[in-house]
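Novice: This note's numbering puts the first residue of the sequence shown at 5, with every later residue one more than the last.
Beta carbons: idealized from backbone N, C-alpha and C, even for Gly.
The structure's right below; bear with me while I get my questions together.
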Amino acid sequence: MPAHNTLSETILSNAQIILEDEVVRGTLVLRDGKIAEIDLSGTSVTMAEDLGGGFVAAGLIELHTDNLERHLEPRPGVHWPKGPAVLAHDAEMAGCGVTTVFDAMRVGSLSTGRGKYAPFARGLADHLLSFIHDDKLKIKHLIHLRAEICAHTLVDELAAFSEQDRVGIVSVMDHTPGQRQFRDFKKYKTYIMGKRGIDEAAFQTLVDVSIKAREDLGVSNENAACAAAVRLGAVMASHDDTTVEHVENSTNRGMRLAEFPTTVEAARACRERGIAIMMGAPNLMRGGSHSGNVSALELAQQDLLDVISSDYVPAALLQSALMLANLWGDLPRAMRTVSTNPAAAAGLQDRGQIAIGQRADVVCYEPIGDMGVIRRVVSDGKIVA
Ligand SMILES: [Fe+2]
């Protein structure tokens with residue numbers, strides 16, 4: 005049995021088609037895995053799916069999702085088998101309108117104290133790659149290695165990946181307590197003690213071990229992560245840039261994407277240097293960051309937001325883009341933050357827009373108030389939701 009519907013042609017009529025800079029009414033024809041025709045004549049088409057005036061946008065592109073990790077540990081301390089986790093994650097992303105996803109996998113952890121956890125990225129990637137090889141997944145998956153430099157295991161974990169592993173992004177993270185995302189030490193303490201369920205003494209040990217690891221290995225780890233990105237042919241991203249110095253370092257390293265800058269100052273420095281600015285959809289929807297950093301909304305209002313990532317809530321991707329459409333009064337521009345812009349930042353030229361010859365990746369939705377309800381998702385020409 006095929007993994008999914010393998011229609012070679014899908015016709016979506018009576019649709020509001022979201023192009024790069026405008027919305028047009030007509031019929032979209034997907035054929036042999038590509039966008040084949042955009043027909044504005046208004047003639048009715050037999051064998052078409054009538055969208056009843058609903059919207060069609062380019063399939064969403066997600067560069068940084070923790071969702072697979074969430075499926076691996078659905079509750080704190082509850083570990084789920086990797087294969088079923090990958091399948092559930094794939095179906096969830098497809099259902100949320102995502103047609104290309106970079107699955108974030110953390111590499112680099114502490115080897116002592118309560119901060120330690122067993123390396124899992126290589127084993128998880130094996131499951132993912134074997135499903136891809138057998139054509140069992142609904143959407144296109146690439147790997148995003150999140151390289152933590154405040155770590156003991158990073159170099160070994162990176163060495164386990166090769167150019168065949170579809171690693172498209174390597175981001176360099178530094179979650180040492182007291183800086184970047186966690187420069188508000190009180191918020192860090194609340195977050196970590198809650199997340200890990202640890203007491204004051206265990207928390208203090210974790211802080212001590214982390215700071216020592218950063219001092220001993222931080223610079224060599226960062227060099228190793230950047231070298232790995234080059235070796236794997238991946239785009240390099242920075243994470244939680246807070247100061248202009250952080251952004252200058254990113255520029256010198258050749259980074260093209262800044263994940264979740266924590267201040268307006270850092271975001272502005274990224275813009276000046278041509279680094280794409282990515283913020284989290286949950287931050288946008290909730291009206292603020294859970295770590296107390298700059299709000300995505302504030303960056304959107306200051307025109308300092310290029311890419312939205314669903315981060316830890318896949319369904320937030322479309323909804324947050326629609327929220328931006330309201331804010332900006334410009335639907336095509338808002339949708340570019342979840343399609344064209346992430347495609348460009350990740351170096352993908354064959355997708356991200358509704359245009360002739362692009363991959364047949366689309367999401368159809370019907371507006372309900374400020375939200376969108378997803379009605380149809382086509383990935384690489386195949387109906388997947
Ligand atoms: Fe972070």
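Run through DSSP, which three-state label would PHE124 get?
Specialist: coil
Novice: Thinking C-alpha only, which one of ASN287, HIS145, SER214 is nearest GLY182?
Specialist: SER214
Novice: Considering only the alpha carbon of each residue, which of SER17, ALA19, GLN20, GLU24 lies closest to ILE360?
Specialist: With respect to the C-alpha of ILE360, the residue from SER17, ALA19, GLN20, GLU24 having the closest C-alpha is GLU24.
Novice: Within 10 Å of its beta-carbon, does VAL342 have 16 or more other beta-carbons around it, so buried, or fewer, so exposed?
Specialist: Looking at its Cβ environment, which holds 16 or more other Cβ atoms inside 10 Å, VAL342 is buried.
Novice: Which class does LYS140 belong to by DSSP, given the choice of helix, strand or coil?
Specialist: The three-state secondary structure of LYS140, taken from DSSP, is coil.
Novice: Taking 8 Å as the threshold, find out whether the stretch 222-233 comes into contact with the stretch 261-275 through three or more Cβ pairs.
Specialist: In this structure the stretch 222-233 does not lie against the stretch 261-275, because fewer than three pairs of beta carbons, one per stretch, are closer than 8 Å.
Novice: Could you say if the stretch 164-182 and the stretch 81-92 meet the contact criterion of at least three C-beta pairs nearer than 8 Å?
Specialist: Contact between the stretch 164-182 and the stretch 81-92 is absent, with fewer than three C-beta pairs closer than 8 Å.
Novice: Around ligand 2, which residues pass a check of Cβ closer than 5 Å to any of its heavy atoms?
Specialist: No copy of ligand 2 occurs in the structure displayed; its ligands are ligand 1 alone.
Novice: Is DSSP giving ALA313 helix, strand or coil here?
Specialist: The sequence shown places Ser at residue 313, not Ala. If DSSP states are grouped into helix, strand and coil, SER313 belongs with the strands.
Novice: Across which residues does DSSP place TYR369 in a beta bridge pair?
Specialist: Partner(s): PHE59, ILE378.
Novice: Buried or exposed: THR103, going by 16 or more other Cβ atoms within 10 Å of its Cβ?
Specialist: buried
Novice: Please identify the residue among GLY291, ALA52, THR255, HIS93 whose C-alpha is closest to the C-alpha of ASP70.
Specialist: HIS93
Novice: For GLU66, report the span of its beta strand (DSSP E) as first-last.
Specialist: 64-69
Novice: Can you check which of these residues, ILE312, ALA389, ALA350, ASP107, is closest to ARG74 by C-alpha distance?
Specialist: Of the candidates ILE312, ALA389, ALA350, ASP107, the one whose C-alpha sits nearest the C-alpha of ARG74 is ASP107.
Novice: Could you compute how far the alpha carbon of LEU328 sits from the alpha carbon of ASP220?
Specialist: 43 Å
Novice: Hey, GLY296 and ASP188: beta-carbon distance below 8 Å or not?
Specialist: yes
Novice: Counting only runs that start and end within the stretch 249-288, where is the alpha helix (DSSP H) found for 4 or more residues in a row?
Specialist: Runs of the alpha helix (DSSP H) lying entirely within the stretch 249-288 and spanning at least 4 residues, in chain order: 268-276.
Novice: Does DSSP put GLN20 in a helix, in a strand, or in coil?
Specialist: If DSSP states are grouped into helix, strand and coil, GLN20 belongs with the strands.
Novice: Which class does ALA34 belong to by DSSP, given the choice of helix, strand or coil?
Specialist: Note that residue 34 is Leu in the sequence shown here, rather than Ala. Assigned with DSSP and collapsed to three states, LEU34 falls in strand.
Novice: Please name the residue, chosen from ALA129, SER254, ALA52, GLU66, that lies closest to ARG275 on a Cα-to-Cα basis.
Specialist: SER254
Novice: Spell out the partners DSSP gives GLU152 in its beta bridges.
Specialist: MET177
Novice: Kindly indicate which residue of ASP365, ASN330, ASP334 has the alpha-carbon position closest to the one of GLY373.
Specialist: Residue ASN330 is the option with its Cα nearest to GLY373.
Novice: Inspect the beta-carbon positions of ILE143 and SER383 and report whether they are closer than 8 Å.
Specialist: yes
Novice: Using a Cβ-Cβ distance under 8 Å, would ILE387 count as near chain D?
Specialist: Among the chains in the structure shown there is no chain D, since it carries only a single protein chain.
Novice: Which of the three DSSP states, helix, strand or coil, is assigned to THR14?
Specialist: strand
Novice: Between the alpha carbons of ALA241 and LEU321, how many angstroms are there, rounded?
Specialist: 20 Å
Novice: Please report the straight-line C-alpha distance between PHE207 and ILE39, rounded to a whole angstrom.
Specialist: CA-to-CA, the gap between PHE207 and ILE39 works out to about 53 Å.
Novice: Secondary structure at PHE106, three-state DSSP: helix, strand or coil?
Specialist: strand
Novice: Just grab the DSSP bridge partners of GLU53 for me.
Specialist: DSSP, once it has assigned bridges, lists LEU16 as partnering GLU53.
Novice: Assign THR10 to buried or exposed, taking buried as 16 or more other Cβ atoms, counted over all protein chains shown, within 10 Å of its Cβ.
Specialist: Residue placement at THR10 is flagged as unreliable, the pLDDT there being 43, under the threshold of 50; a coordinate-derived value is accordingly withheld.
Novice: Who pairs with THR161 in a beta bridge, going by DSSP?
Specialist: A small correction: the amino acid at residue 161 is Glu; Thr does not occupy that position in the sequence shown. DSSP, once it has assigned bridges, lists no residue as partnering GLU161.
Novice: Can you look up ASN9 in the DSSP assignment and give me helix, strand or coil?
Specialist: Low per-residue confidence applies at ASN9: pLDDT is 39, beneath 50, and the placement is therefore not dependable, though the value from the model is reported in the following sentence. Correct three-state label for ASN9: coil.
Novice: For SER113, does the three-state DSSP call read helix, strand or coil?
Specialist: coil
Novice: Please work out which residues of its chain come closer than 6 Å, Cβ to Cβ, to ASP36, disregarding the five sequence neighbours upstream and downstream, and give them in chain order.
Specialist: SER12
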